[in-house]
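Reviewing the structure listed below.
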DNA sequence: AAAAGTATCGGTAACGTTTGCGGATACGTT
DNA sequence: AACGTATCCGCAAACGTTACCGATACTTTT
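Written as structure tokens, this is what we have:
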């Protein structure tokens, strides 16, 4: 007969489940819970649904403790080769798969890097993902990708999900709508590594990986000027994106350097959807004093304009020069080939990934946030080579 | 003065960290560790690194228990509106972010779907991802993407990582190398939902989402025949992929239907890299008795052949008809436009995602594994329209 | 031969959450 | 006045791991 350790009552003891494979009891009199190491047969561990074999199962079958199993599985020095082999064999026999969730919880580290991109339509972001993926997997990290779909609300919700999942670091490229940055400053406050790329902003203290948009735009426009184009329009992106502002700045600087007049009604800034590109392109091509060249913020817009020009019977590059940005695969094959700025997409992904790994390794934030500017390349094709020159 | 409970020594007691907010001591004489419930002020709960605020913190600050906080945060009916509001306010004030890891561990459910794709080079898989992403996020699921990079070893390692991370379901498209399927049969054995798409196999009992490759290839080749091409070669993919076999089957069937002779040396099956495409293309175009049309397994290969034909001065479509597969963006812009088979990529992603959600909801595997075949569309452009007809 | 070191292994707190069960009130009903 | 009931909340087990602190049995050193 069992006596309650607290109230010393006898006959009021009831079973109250199992704890650590030992029978647990409760005194119905004083409601005191306690455990007794009995030799009673513990019922086989059956989960409600289906049971994934755990370290405890291996321990029980091998006759050692959980800690020994854990150490054996990790090749800890404290474990003798024999027991280690026994544990490994049993693990294989029971088809054991470690539970990363439990591991992550106790280590408060997930070995996962999060990445939030605004879209998947162009080749740009998939390529960046490829680059980052390559670096991260080589270092044993996983990559979780979320897509904000150019929506600020989704972006915020994504960052929350990333936080909840306790990722070790976040790589993010902002949406066109993003004008508020509290959801990113949280990461800084929590000390969670954060790297911005491509679509960056100055309002959050974090490293940024960008390309030399200013220079690239400058070179692109200067290239048009040197090919004899006089009145160059700019179809730009939304101005809350630094990318758009930089490209606009490069456009203006090139015109100024060569003493060209900047006509504000030939500068359009807006969202980058295909539909918008058609609307803006129509506007530009139907202007009374039509531009003789267009520098577009991306290749999709540039190609849209080329197609529209063909419909209107405007010859490229004679009557209209076109330069795009990003070097989409189709830009090489369209006739005439589209002159464009090639971005080192894979390199961008690699650089951001390497940077965030550095931040994770450096436990103290010794290095201040910096900016890494990668070089672009102007790919000259037929759409900007006026034959008359 | 504290006395050691074991050796009864006095003056040898030193502090040895905290356990459960109680001071822990060690006797330097007998090296015995013990705990004393003292009224001493316990230092504020500070983790070694940085502390994320937990439910316990909210409970302590609000003066209620953890369970009440947990229930309040989830809107449980047992909690009064006042305490609920108090908890919510405190949670906001302390900037609480739930720990998904702990949640997942106790629920043994991660609300995450895994997806393994072989490559990111073509538009195909990014588009599939887009489609699946759309469905899954709408249902509150996350999507973790891994890339096997056409390597069987990486694919196996990826599936292991997915298992360890306890995803709720897996969407996978196999690599070109995959000939063994134990790593997938594990999912079946564990009862983890699994859906194959595009690159599927018959050796694993799981739903498959594919396109009508046989029909599509048949129609493509028949289209060439009807346009007057006589000797049609096939540049196919590796034969361990069902996709390749189906397309080959369609190719053969079309030729047979129209009484064409099947010349085995004009059928090449192999890996799909760009380099290989050039090598095989060169072989085909330099054959003594050159084919007058080529049906390629994908657009990249088809375009490679078109470029090579241009170099050799072979005119398309007059001297050589070309048909590709997948309708890459560049295929519309190359001159002449590439005739190709458009796959419903977004639809494939949506279908696989919907299917796996169904499997998750249906706790019992009532429905047997099935196959869903989506329709393709033959996009006819200039590369297969011989003007002489 | 006593003391000290070494090799192995076990016990258990801790990670942060959910949840079943029971306790403590307060109120309305015989 | 006694009882039933509804409301609200707390206790502690459970999820599967890791790692710290001891414990034991040998082996080596003084």
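Protein chains in written order, with the numbering used here: chain A, 7 to 395; chain B, 7 to 395.
No residue lacks a Cβ here, since even glycine has one placed at the ideal position from N, Cα and C.
Being a predicted model, the structure only gives us computed values, none of them experimental.
Nearest-angstrom Cα separation, counted from residue j out to residue i
i             : j             : result
residue 301/B : residue 309/B : 11 Å
residue 354/A : residue 216/A : 7 Å
residue 251/B : residue 220/B : 9 Å
residue 390/B : residue 299/B : 8 Å
residue 140/B : residue 148/B : 10 Å
residue 171/B : residue 107/B : 10 Å
residue 294/B : residue 262/B : 23 Å
residue 189/B : residue 177/B : 14 Å
residue 94/A  : residue 104/A : 12 Å
residue 116/B : residue 351/A : 32 Å
residue 196/B : residue 60/A  : 14 Å
residue 175/A : residue 80/B  : 27 Å
residue 387/B : residue 311/A : 22 Å
residue 136/B : residue 67/A  : 46 Å
residue 36/A  : residue 98/B  : Low confidence applies to residue 36/A: its pLDDT is 45, below 50, so where it sits in the model is not reliable enough to give any reading.
residue 165/B : residue 159/B : 10 Å
residue 321/B : residue 315/B : 7 Å
residue 75/A  : residue 90/A  : 8 Å
residue 226/A : residue 218/A : 12 Å
residue 317/B : residue 325/B : 14 Å
Distance CB(residue i)-CB(residue j) smaller than 8 Å
i             : j             : result
residue 323/B : residue 276/B : no
residue 202/A : residue 214/A : yes
residue 249/B : residue 278/B : no
residue 240/A : residue 273/A : yes
residue 305/B : residue 254/B : no
residue 5/A   : residue 72/A  : Because residue 5/A is not part of the residues shown, which for chain A are 7 to 395, the question remains open.
residue 138/A : residue 121/A : yes
residue 339/B : residue 339/A : yes
residue 132/A : residue 181/A : no
residue 2/A   : residue 204/A : Residue 2/A cannot be examined here, being either before or after the span of chain A that is shown, 7 to 395.
residue 330/A : residue 341/B : no
residue 385/A : residue 348/A : yes
residue 260/A : residue 236/A : no
residue 367/B : residue 346/B : no
Buried versus exposed call for residue i [16 or more other C-beta atoms within 10 Å across all chains shown]
i             : result
residue 54/A  : Confidence in residue 54/A is poor, its pLDDT being 38 and thus under 50, which makes the residue's placement unreliable; the coordinate value appears in the next sentence. Under this definition residue 54/A is an exposed residue.
residue 156/B : buried
residue 327/A : buried
residue 421/A : What is shown of chain A runs 7 to 395, which leaves residue 421/A out entirely.
residue 112/B : exposed
residue 185/B : exposed
residue 336/B : buried
residue 87/A  : exposed
residue 69/B  : exposed
residue 232/B : exposed
residue 381/A : exposed
residue 267/A : exposed
residue 146/B : exposed
residue 283/B : buried
residue 365/A : buried
residue 242/B : buried
Cβ-heavy atom distance, residue i to the ligand GDP, below 7 Å
i             : result
residue 385/B : The ligand content of the structure shown is nil, which means the ligand GDP is not present either.
Please give the ranges of any alpha helix (DSSP H) in the stretch 147-218 of chain A, keeping only runs that are unbroken, at least 4 residues long and fully inside the region.
Qualifying alpha helix (DSSP H) stretches, in chain order: 158-170, 188-196.
Can you check the stretch 57-126 of chain B for any alpha helix (DSSP H) of at least 4 residues that lies completely inside it and give the ranges in chain order?
Note on the stretch 57-126 of chain B: whole alpha helix (DSSP H) runs with a minimum of 4 residues are 61-68, 72-79, 87-99, 106-113, in chain order.
Using a Cβ-Cβ cut-off of less than 7 Å, give me the residues of the stretch 103-115 of chain A that come near chain B, in sequence order.
Here the close residues are 103, 104, 105, 106, 107, 108, 110, 111.
Within 8 Å of chain A by C-beta, residues of the stretch 223-245 of chain B in sequence order
Answer set for the stretch 223-245 of chain B: empty.
Below 9 Å between beta carbons is the criterion; list the residues of the stretch 134-156 of chain A that meet it against any residue of chain B, in chain order.
Near chain B, meaning a CB-to-CB distance below 9 Å, the residues of the stretch 134-156 of chain A are 135, 136, 139, 140, 143, 148, 149, 150, 151, 152, 153, 155.
Using a Cβ-Cβ cut-off of less than 7 Å, give me the residues of the stretch 340-352 of chain B that come near chain A, in sequence order.
Those would be 340, 341, in chain order.
Which parts of the stretch 273-320 of chain A are runs of the beta strand (DSSP E), unbroken and 3 residues or longer, counting only runs that do not cross its ends?
The beta strand (DSSP E) runs of length 3 or more contained entirely in the stretch 273-320 of chain A are, from start to end of the chain, 273-275, 299-302.
Within 8 Å of chain B by C-beta, residues of the stretch 317-334 of chain A in sequence order
Flagged, chain order: 334.
Of the residues that make up the stretch 119-134 of chain A, which ones have a beta carbon closer than 7 Å to any beta carbon in chain B?
Those would be 126, 132, in chain order.
Closer than 8 Å, Cβ to Cβ, to anything on chain B: give me those residues from the stretch 166-193 of chain A, in chain order.
Those residues of the stretch 166-193 of chain A that come within reach of chain B (Cβ to Cβ, closer than 8 Å) are 166, 167, 169, 170, 171, 172, 192.
Short-range partners of chain A found in the stretch 81-98 of chain B, where Cβ spacing is below 7 Å:
Against chain A - using a Cβ distance shorter than 7 Å - the stretch 81-98 of chain B contributes no residues.
Residues of the stretch 203-221 of chain B with Cβ closer than 8 Å to any Cβ of chain A, in chain order:
Going along the stretch 203-221 of chain B in chain order, one finds no residue with a Cβ nearer than 8 Å to chain A.
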